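First the structure, in the form of structure tokens, and then the observations on it.
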Amino acid sequence: MKISIGGMIASGKSTLVQRLGKALDLPVMEEFEKDDEVFNTLLKWLYEQKTDVEMLLQIYFIHNHWLNQQKYEGNFIVDRDLVEHWLFAQHNLKRMPTIMNMYNGVFHAYMNQIKKPDIYIILDVDWDNFKNRVLLRGRDQEIENFDKNEDYFRSLLKDYVTKIAAQCAVYDIPYVILNTSNKTEDEVFEMSMDAINKVK
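Convert by adding 99 to the 1-based position in the sequence shown; the result is the number in the numbering used here.
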């Protein structure tokens, strides 16, 4: 069984993944290694709005995800599946339609080469909760560039759940949407366990 957990930045996704991994005794495929210098540098450049970073970042996302997934067999849990990287690309490459078309082809090829989730849990969050969580978790690159990227964050949050759900429908991936706004970590964990138990 493959369980994927998705959601907007600071939605509680990674915390939930770790709790579910321990509770279900499943290996966890993390989104990126904490010391991934390439990922951290590219993300920093994106938030700083440096030019010509977007395509490199998006291709690195999906290629790195595909490489990591080759290490896992059987039952495992994934922190942000490949589907979500498509949404980030839609926003980051929207002013480059030709490149976006190229990316869509590459993305589709990768999607056809990975194991699809048996359940995709999508964490929803409202703007106020999102902003508070970003500030609380204290990542410098997000906080220092928050005002500069507020329009980007708002646009991404507005599309997040609906477009990820739409992609799940395209690729025939079962999904459930959980609203995490004003919910405790324990409440989100219990809702997730209920959803997983229904497909076991």
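Glycine included, each C-beta is placed from N, C-alpha and C at the ideal position.
On a predicted model such as this, the values are computed, not experimentally measured, just so you know.
Cβ-Cβ distance between residue i and residue j below 8 Å
{"i": "Met-107", "j": "Leu-255", "result": "yes"}
{"i": "Gly-105", "j": "Arg-179", "result": "yes"}
{"i": "Leu-123", "j": "Val-287", "result": "no"}
{"i": "His-190", "j": "Tyr-251", "result": "yes"}
{"i": "Ile-272", "j": "Ile-176", "result": "no"}
Own chain, CB closer than 6 Å to residue i, minus 5 neighbours either side, in chain order
{"i": "Met-199", "result": "Leu-192"}
{"i": "Phe-138", "result": "Phe-131"}
{"i": "Glu-241", "result": "Val-233"}
{"i": "Lys-262", "result": "Leu-186"}
Neighbourhood of residue i by C-beta, 7 Å cutoff - its chain only, sequence neighbours within 5 removed
{"i": "Asp-225", "result": "Ser-280"}
{"i": "Ile-276", "result": "Ile-221, Asp-223, Val-260 and Ala-264"}
{"i": "Asp-285", "result": "none"}
{"i": "Ile-213", "result": "Trp-165, Gln-168 and Leu-181"}
Own chain residues within Cβ distance below 8 Å of residue i, not counting five before or after
{"i": "Lys-299", "result": "Met-100"}
{"i": "Ser-291", "result": "Ile-104, Leu-115, Leu-119, Ile-220 and Leu-277"}
{"i": "Tyr-159", "result": "Val-137, Phe-138 and Leu-141"}
Sheet register partners of residue i (DSSP bridge)
{"i": "Tyr-219", "result": "Ser-103 and Tyr-274"}
{"i": "Asp-258", "result": "According to DSSP, which records beta bridges pairwise, Asp-258 is partnered with nothing at all."}
{"i": "Val-177", "result": "Ser-103 and Met-128"}
With 16 other Cβ atoms within 10 Å as the buried cut-off, status of residue i
{"i": "Glu-183", "result": "buried"}
{"i": "Gly-173", "result": "exposed"}
{"i": "Arg-238", "result": "exposed"}
{"i": "Ala-109", "result": "buried"}
{"i": "Arg-253", "result": "exposed"}
{"i": "His-162", "result": "exposed"}
{"i": "Val-269", "result": "exposed"}
{"i": "Gln-157", "result": "buried"}
{"i": "Pro-216", "result": "buried"}
{"i": "Leu-235", "result": "exposed"}
Between the CA atoms of residue j and residue i - distance to the nearest angstrom
{"i": "Gln-266", "j": "Asp-258", "result": "12 Å"}
{"i": "Leu-166", "j": "Phe-229", "result": "30 Å"}
{"i": "Gln-119", "j": "Phe-187", "result": "The sequence shown places Leu at residue 119, rather than the Gln named in the question. Spanning the two alpha carbons is a distance of roughly 25 Å."}
{"i": "Leu-316", "j": "Asn-244", "result": "Absent from the model: residue 316. The displayed extent of the chain is 100 to 299, so no value can be given."}
{"i": "Lys-121", "j": "Asn-278", "result": "22 Å"}
{"i": "Tyr-202", "j": "Asn-211", "result": "14 Å"}
{"i": "Val-127", "j": "Lys-133", "result": "14 Å"}
{"i": "Tyr-219", "j": "Tyr-274", "result": "4 Å"}
{"i": "Leu-125", "j": "Ala-294", "result": "16 Å"}
{"i": "Asp-227", "j": "Glu-249", "result": "12 Å"}
{"i": "Lys-247", "j": "Thr-283", "result": "29 Å"}
{"i": "Arg-194", "j": "Lys-170", "result": "35 Å"}
{"i": "Glu-289", "j": "Asp-151", "result": "42 Å"}
Proximity test, residue i beta-carbon vs the ligand PLP heavy atom, cut-off 7 Å
{"i": "Thr-261", "result": "With respect to the ligand PLP, the structure shown offers nothing to examine, as it has no ligands at all."}
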